[in-house]
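So the protein lines, in turn, are chains A and B. If you count by our numbering, then the first sequence holds residues 73 to 502, one letter each, in order. If you count by our numbering, then the second sequence holds residues -16 to 104, one letter each, in order. Built from N, CA and C at the ideal position, the CB exists for glycine as well. The model shown is predicted, which means the values in this text are computed figures rather than measured ones. Notes to accompany the following structure.
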Amino acid sequence: MDQQDNTPIDVEPSDSSSLADKAREYARKRLVVTWASRSVVLAAWALIVWGLLQVWPPNSAWRTELLALGSVVVGMLTANIRFSRQKVSVPDLISDDLGLLEQCFAILQKQVTVTIRTSEAAVLEMVDRLNRVHRLSAELQERIATAVEHSQVLSRSSLNEADRNGQALQSLTAHQKSFVEARRQNQDRIRKVVDQVRHLTPLAALIADISRQTNLLSINASIEAARAGAEGAGFKVVAAEVRRLSAQTSEAAAQISQGITMVAQAIDGELESASQLESDTASEQFTELARHVSEISERLTEVVPYLVDLSKSMDDGMREVTCDIINALGNMQFQDINRQVLEQVETALGSLSDHSAALYKLVGGKAPPPPQKLEELMARWTTNYVTHSQRAAHAEVERAKLEKPDAPLSKTEAPALELAETEGPKIELF
Amino acid sequence: MKSVFLVDDSTTMLMSLKSTLEISGYKVETAPDGQQALTKIKGGLKPDLIITDINMPHMDGLTLISEARKVLRFTPILALTTESQQGKRDEAKKLGATGWLVKPVSGSDLIKIVKQVVPGA
């Protein structure tokens, strides 16, 4: 029954028809042929059975059994036709597939081309983005560096100002201390003067006592003058005058004593006020202020090295970013490597397409054999390789093939293997 | 500022190498093949370094090295290519190349090599 599948089917490829259309047309024709073949077989068996029934006596032995057996055989063969409808003869399959290979290769070539263009566009965009990242990073670094520099200048200026203020406050504090000391010494001297003034009080009492005794003496003199009569008249005047002087002296002594007491009290009051003033916090405030200024100075002293560290960290970070960007840009070289490999794959697909087209024409009897065999085509691939990975991949396939004892050795295998082993270093300076 | 002349038929290679070198402080001139590169060199371009691909249309890198060496006797010329075979390296060395770099080369390594072969870079 297989010979019924050898019915010629026209599957000549045309540029206008798609692969799907060809496949549908192919299946339709196969179905028609299958059912036609099945009908022919059944009709033939029906004729045979009719003929046998005409010539075979009805009471013959085994007639029914043989006809039944024959029907079963024919039924199985017909079923076989049904189940073998997808079977295609080898020449047809080769011819059909060879005809379609040209389109397959064309599709693959276009996909390779699109892949190259897509990856190239993506890499160029990535390069642009990396450049933008670097430019923005550089601008940011410049701004931060300027800010840090200004901050450093400001911090140093503030530090110098704080130092000057600190020195001024130290001078003021020292001056205040010396002033307080001088005042304290003045107060001590005044206290001594007050003590000396208070020591004058007994002298005033002595004067008062002398005045009292002088008064008694003048009284006695007046009595004696009265007793002397007219001769004592002048003496009486003197005695009166002495008594008056005594009274004045007594009054002066009292005023002196009172004046000494008032002066001493006034000076004591002043000293007390001075002592109270001495207990004010002027000196402490100066000390506190100096301490604050000192703290500010210390903080500013810490700020400057912090800004220096910040600036250095920024520079280090920017160097790392730049290094990463440079290495990322270096990684973009993969696209060029892949492009070259894919371009060669595309070229190889083109040569395979031409080769399959030539084989298709050869099978159809429309052309002589192709000018070169497939192994010669493969040999040309090895001469065009530009990367070690291509040669290594080729050699790996060849080695796998060589490990199969029944596999035929291509003429191109040995040279390709040699090429794969002559790899030099990645970086070499002459 | 030192100058580098890049020759490669790949736009992505030219762009990525140009950016790498410019970021590192070099002035960069480019050409898409050996023929145009040679025209620029004969037109008076005197870079401090030439980095060229080997497989290019119109004029390949080995021919460019040979022709450029006639004009720029002391300018270092580096080949940056996917080719890694010793035979082509030897040929490049014979024609006057300074070194041979196989793609991909990291940006850091490239800058190190450039500093190594360009005096004062």
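Per DSSP, reduced to three states, the secondary structure at B/Val101 is coil, with no helix or strand assignment. Cα atoms of A/Pro442 and A/Val458: separation of roughly 27 Å, rounded to the nearest angstrom. The DSSP-derived three-state label of B/Ile6 is helix.
Your pair B/Leu4 and B/Leu(-3) does not check out as a contact, with CB atoms roughly 11 Å apart and the cut at 8 Å. Across the structure, A/Arg270 and A/Ile262 are spaced so that their CA atoms are roughly 12 Å apart. If you check the CB distance, A/Asp340 and A/Val252 do not come in under 8 Å.
Note on A/Gly147: under 16 other CB atoms within 10 angstroms of its CB, so exposed under the neighbour-count rule. Within its own chain, the residues whose Cβ lies closer than 6 Å to the Cβ of A/Asn287, once the five positions on either side in sequence are excluded, are Arg315, Ser318, listed in chain order. Counting C-beta pairs with one atom in each stretch, the segment 442 to 457 of chain A and the segment 20 to 34 of chain B have fewer than three that are closer than 8 Å, which means they do not touch. The DSSP-derived three-state label of B/Ala14 is strand. Residue contact with chain A for B/Lys76: present (Cβ-Cβ distance below 8 Å to some residue of chain A).
With respect to B/Val97, B/Leu32 sits close: the two C-beta atoms are nearer than 8 Å. A direct Cα-Cα distance of roughly 16 Å separates A/Asp235 from A/Ala246. Looking at the DSSP output, B/Thr35 sits in a beta bridge with B/Val(-10), B/Ala62. Counting only the Cα atoms, A/Ser383 lies some 44 Å from B/Arg56. For A/Val469, the three-state secondary structure derived from DSSP is helix. The way I'd put it, the segment 389 to 409 of chain A doesn't touch the segment 163 to 176 of chain A; fewer than three beta-carbon pairs between them come closer than 8 Å. Under the 8 Å Cβ criterion, the segment 361 to 381 of chain A does not count as touching the segment 293 to 300 of chain A, having fewer than three qualifying pairs.
Contact annotation for A/Met404 against chain B: Thr(-5), Ser(-1) [CB-CB distance below 7 Å, chain order]. Non-local C-beta neighbours of B/Pro59 in its own chain, meaning closer than 7 Å and more than five positions away in sequence, comprise Leu32, Thr81, Val100, Val101, ordered along the chain. Neighbourhood of B/Asp92 in chain A, by CB distance below 7 Å: Ile499, in chain order. Using a Cβ-Cβ cut-off of 8 Å, B/Lys23 does not count as an interface residue toward chain A, since no Cβ of chain A sits closer than that to its own.
Shown here, A/Leu288 sits in a helix according to DSSP, grouped into three states. Of all residues in the segment 182 to 195 of chain A, those with a C-beta nearer than 8 Å to a C-beta of chain B are Glu192, Val195, reading in chain order. Contact of A/Leu202 with chain B is assigned, a C-beta pair being separated by under 8 Å. The beta-carbon distance between A/Leu401 and A/Leu202, rounded to whole angstroms, is 6 Å. This is short enough to meet the 8 Å contact definition. When C-beta distances to chain B are compared with 8 Å, the residues of the segment 401 to 433 of chain A below that value are Leu401, Gly402, Asn403, Met404, Gln405, Phe406, Gln407, Asp408, Ile409, Arg411, Gln412, in chain order. Among the CB atoms of chain A, none fall inside 8 Å of the CB of B/Ala20. Judged by pairs of C-beta atoms under 8 Å, the segment 323 to 341 of chain A touches the segment 273 to 283 of chain A, as three or more such pairs exist.
Contact between the segment 168 to 184 of chain A and the segment 423 to 431 of chain A is present, with at least three C-beta pairs closer than 8 Å. Under the DSSP assignment, A/Gly402 falls in the alpha helix (DSSP H) whose first and last residues are 354 to 403. The C-beta of A/Asp260 has fewer than 16 other C-beta atoms within 10 Å across all chains shown, which makes the residue exposed. When beta bridges are read from the DSSP output, A/Glu500 appears opposite B/Trp83.
By a beta-carbon distance limit of 8 Å, A/Thr150 does not contact A/Val112. Their separation comes to about 10 Å.
When secondary structure is reduced to three states using DSSP, A/His271 falls in the coil class, being assigned neither helix nor strand. Here B/Leu28 carries a coil assignment [DSSP, helix/strand/coil].
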